[in-house]
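Chemist: Let me begin by handing over the structure; questions about it come next.
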Amino acid sequence: MTQRETSWNIALLQTHIEVGEPQCNRETMQRWMEDAAAAPIKPDVIVLPEMWNTGYALEQISELADPDGREIRGWVSTFAKKHDIHVIAGSIAEQRDGKVYNTMIIFNNKGEEVGAYSKIHLFRLMEEEKYLAPGEATLSFELDEVVAGAAICYDIRFPELARTLSLNGAKVMFVAAEWPHPRLHHWRTLLMARAIENQMYVVACNRTGDSGSDSFFGHSMIIDPWGEIVAEGSEEEEIVTGQIDLSLVDQVRNRIPVFEDRRPQLYGNGMCE
Ligand SMILES: NC(=O)CCC(=O)C(=O)O
Numbered sequence: 001m002t003q004r005e006t007s008w009n010i011a012l013l014q015t016h017i018e019v020g021e022p023q024c025n026r027e028t029m030q031r032w033m034e035d036a037a038a039a040p041i042k043p044d045v046i047v048l049p050e051m052w053n054t055g056y057a058l059e060q061i062s063e064l065a066d067p068d069g070r071e072i073r074g075w076v077s078t079f080a081k082k083h084d085i086h087v088i089a090g091s092i093a094e095q096r097d098g099k100v101y102n103t104m105i106i107f108n109n110k111g112e113e114v115g116a117y118s119k120i121h122l123f124r125l126m127e128e129e130k131y132l133a134p135g136e137a138t139l140s141f142e143l144d145e146v147v148a149g150a151a152i153c154y155d156i157r158f159p160e161l162a163r164t165l166s167l168n169g170a171k172v173m174f175v176a177a178e179w180p181h182p183r184l185h186h187w188r189t190l191l192m193a194r195a196i197e198n199q200m201y202v203v204a205c206n207r208t209g210d211s212g213s214d215s216f217f218g219h220s221m222i223i224d225p226w227g228e229i230v231a232e233g234s235e236e237e238e239i240v241t242g243q244i245d246l247s248l249v250d251q252v253r254n255r256i257p258v259f260e261d262r263r264p265q266l267y268g269n270g271m272c273e
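First residue of the sequence shown: 1, per the UniProt record's numbering; consecutive thereafter.
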C-alpha cells in the first residue's frame, strides 16, 4: 500500500445551506471546495453535507431537484479530477424516473463516479416520506482500493445498515447529514456506537444554520474504530479536518475479534447473515 492508501486527510465542509436556492448553494459549495483543495494540508477526501443543493425545500422539491443529478455530477467530477481529490458529494435532491431521491454521489480522484446511494430510511419527522422516494439498495464502494460505505443522516439510527456495510468490507462509513437540535446527544452517541461496534472509521458531515423551525448544529465528526474522536466541528460554519490511518481498522479488529465472535444464527431475524 502507498502512503495515500493507508492514510487519508479528510475535509468536512460544514456549511450553511440556503433552502430552495440551488444556484446559490452551488456557488457556495464550489467556493468551499476550492478553499479546501488549496489548504496547506491538501485533503485526500472531501465530504459534503446532506441535501446541500436544495435544503429541505420539500414542497418545491420536484421543481428544484437536479434532473438525474446531471449538472452536479458534471462539475463535481471535473473538480475531483482537476484537484486529484476523492469527493463524497454529500447528498443532493435528485430527480429520477419522475421521483425525487436524496442521493449521495461519490467520485474518485480521477473524476470517475464510483457509486451513488439514495437514502433508504426516510425521516418522517422532517416529512421526507411525503416528498421523496426511498432508495432500494445499500452501497459500498472503493477509493484507493479501500472499501467504504455510504449512509445519510437518519440511516445512522439503523445499526443493520452499518453492520451490512462492514460485513461487505467497509473500513470507513461516510455520512452526510442535516441533523438538528435538540438531538445532538443522539448524533454523537449513534456515530460513536456505529464506529465502535463495527470497528470502522465513521466520517460524518453535518450542516449548520437554521431552516424553518430546525436549527442544525454542525458537530461534524471523524471517529476512529476504537471510538476515539479524531475531529469534531463547532456549531459554526467551518472546514473540519482530520487524518485517518486505515491500518487501525485491522489492528482493532485483531485485538477484539467481533466479526469472528458474532453468532448470526442465534439472532433470530436473519439480520446481517
Ligand atoms: N435529515 C435527517 O435524516 C435527520 C435525522 C434526525 O434528525 C434524527 O434525529 O434522526
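For each residue, glycine too, the CB sits at the ideal point set by N, CA and C.
Indicate whether the contact test is met: 3 or more Cβ pairs, each with one atom in the region 89-107 and one in the region 144-163, closer than 8 Å.
Modeler: Enough Cβ pairs lie closer than 8 Å, so yes.
Chemist: Just verifying my parser: in three-state terms, what is the DSSP assignment at E34?
Modeler: If DSSP states are grouped into helix, strand and coil, E34 belongs with the helices.
Chemist: Would the region 204-212 count as touching the region 169-186 if we require 3 or more Cβ pairs under 8 Å?
Modeler: Short answer: they touch.
Chemist: Terminal residues of the continuous beta strand (DSSP E) containing N206?
Modeler: First-last of the beta strand (DSSP E) with N206: Y201 to N206.
Chemist: Select from Q199, W187 and E235 the residue whose C-alpha is nearest the C-alpha of G209.
Modeler: Taking only the C-alpha atoms, the option nearest G209 is E235.
Chemist: Which of the three DSSP states, helix, strand or coil, is assigned to P159?
Modeler: Of the three classes helix, strand and coil, the one that applies to P159 here is helix, per DSSP.
Chemist: What residues does ligand 2 have around it, judged by CB closer than 6 Å to any heavy atom, in chain order?
Modeler: Looking at this structure, you won't find ligand 2 anywhere; what it does contain is ligand 1.
Chemist: Could you tell me which residues DSSP pairs with D245 in its beta bridges?
Modeler: D245 is bridged to S7.
Chemist: Taking all protein chains shown into account, do 16 or more other C-beta atoms lie within 10 angstroms of the C-beta of G233, making it buried, or fewer, making it exposed?
Modeler: With 16 or more other Cβ atoms within 10 Å, it is buried.
Chemist: Compute the distance between the beta-carbons of L191 and I223, then report whether it is under 7 Å.
Modeler: Yes, these two residues count as a Cβ contact at 7 Å.
Chemist: Helix, strand or coil: how does DSSP classify N102 here?
Modeler: DSSP places N102 in strand when its eight states are reduced to three.
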